[in-house]
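Numbering (my numbering), first residue to last: 15 to 280.
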């Protein structure tokens, strides 16, 4: 009940806050604590550092949080399967970096507006021989890598895995999957081009080819069932306003450039 009261106050003050006129309610009401979880091993988008959760999505959420006076946001970076579990059991309020997967993740009660778009490609070892570039049907019989718990390759791909038409080996992160691909321990791997290309270029992986685009995936914040209340509604309202302000001011693009610059020098 207290959370709902605070949420109502948050909805009432958010517009005043963005106009630069703090209200008495804002000054008196303590912020609502929100636990956000993300992957710890999906650079440059989500990762863990010595100082805590890192990567593009953590940077965007933290920066938006500076414009969200009703909320105090804490971000934890954990293995992706753990992040899914924590959100599905409402031990976390928000899952950061999720695609819109209502069938696979019915426990996400509500999605934010998109905060980024990932362009996903199939990468294969140069000696792999798919029957065609018709993904995934043309890749029957090949061994694919995948980040543990990720749905990136798509539903038809996983149907082929269940039938035994594609072999699947899951590993903890992008770097480890690309290392296996470079040494031809797997034939192909489906991943966002920014995440994959930065590692391929940095490590001079000469045996990996970018084959065919798979999708252009929007990335969201996903609210847990417990957080799908007035507090969650107020959180999304403030987050959307904050994200719009970051884009209007140019800060959104600046954060992206900073993250990609760090990635290219690692």
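Heads up, the beta-carbon is just placed ideally off N, CA and C, and yes, glycines get one too.
- Task: Just tell me which of 197, 155, 162 and 185 has its CA closest to the CA of residue 177.
- Result: Indexing the chain shown from 1 puts residue 177 at position 163. Closest by alpha carbon: 155.
- Query: Ordered along the chain, which non-local residues of its own chain (more than five positions away) have a Cβ less than 6 Å from that of residue 262?
  - Reply: On the chain shown, residue 262 is found 248 positions in, with the first residue counted as 1. The answer is none, since no qualifying residue turns up.
- Task: With DSSP collapsed to three states, give me the class of residue 31.
- Result: Start at 1 with the first residue of the chain shown, and residue 31 comes out as number 17. With a pLDDT of 48 at residue 31, under the threshold of 50, the modelled position of this residue cannot be trusted; read the value that follows with caution. Correct three-state label for residue 31: helix.
- Query: For residue 127, which three-state DSSP category applies?
  - Reply: Position 113 of the chain shown, counted from the first residue, corresponds to residue 127. In the structure shown, residue 127 sits in coil (DSSP, three-state: anything other than H, G, I, E or B).
- Using three-state DSSP, classify residue 52 as helix, strand or coil. Working through the chain shown from its first residue, we reach residue 52 at position 38. It is a strand residue.
- Excluding sequence positions up to five away, which residues of its chain have a Cβ less than 6 Å from the Cβ of residue 145? As a first step, residue 145 is located in the chain shown; it is residue number 131 there, counting from the start. If we look at residue 145 and ignore the five residues flanking it on each side, its Cβ neighbours are 152.
- Message: If contacts are defined as beta-carbon pairs under 8 Å, then residue 233 and residue 131 qualify, I think. What distance do you get, rounded to the angstrom?
- Response: For the purposes of this step, residue 233 is taken as residue 219 along the chain shown, with counting starting at 1. For the purposes of this step, residue 131 is taken as residue 117 along the chain shown, with counting starting at 1. About 7 Å separates the two Cβ atoms, so the contact holds.
- Under 9 Å, do residue 94 and residue 162 count as touching if we go by C-beta distance? Counting from one through the chain shown, the residue named residue 94 turns up at place 80. Counting from one through the chain shown, the residue named residue 162 turns up at place 148. A contact, by the Cβ cut-off of 9 Å.
- Task: Determine the burial state of residue 181: buried for a count of at least 16 other Cβ atoms within 10 Å of its Cβ, exposed for fewer.
- Result: What you label residue 181 is simply residue 167 of the chain shown in a count that begins at 1. Residue 181 comes out exposed.
- Task: Report the three-state DSSP secondary structure of residue 66 (helix, strand or coil).
- Result: Looking up residue 66 in the chain shown gives position 52. Here residue 66 sits in strand by DSSP.
- Query: In terms of alpha-carbon separation, which member of 116, 61 and 159 lies closest to residue 238?
  - Reply: Position 224 of the chain shown holds residue 238. Comparing Cα-Cα distances from residue 238 to each of 116, 61 and 159, the minimum goes to 116.
- Element boundaries [alpha helix (DSSP H), containing residue 263]: Locating residue 263 in the chain shown gives position 249, where the first residue counts as 1. Start and end: 244-263.
- Query: Just curious, the beta strand (DSSP E) that residue 229 is in, first and last residue?
  - Reply: The residue you call residue 229 lines up with position 215 of the chain shown. First-last of the beta strand (DSSP E) with residue 229: 222-237.
- Query: If we ignore side chains and look at the alpha-carbon of each, how far apart do residue 77 and residue 55 end up?
  - Reply: Sequence index remark: in the chain shown, residue 77 carries index 63 (1-based). Sequence index remark: in the chain shown, residue 55 carries index 41 (1-based). Spanning the two alpha carbons is a distance of roughly 21 Å.
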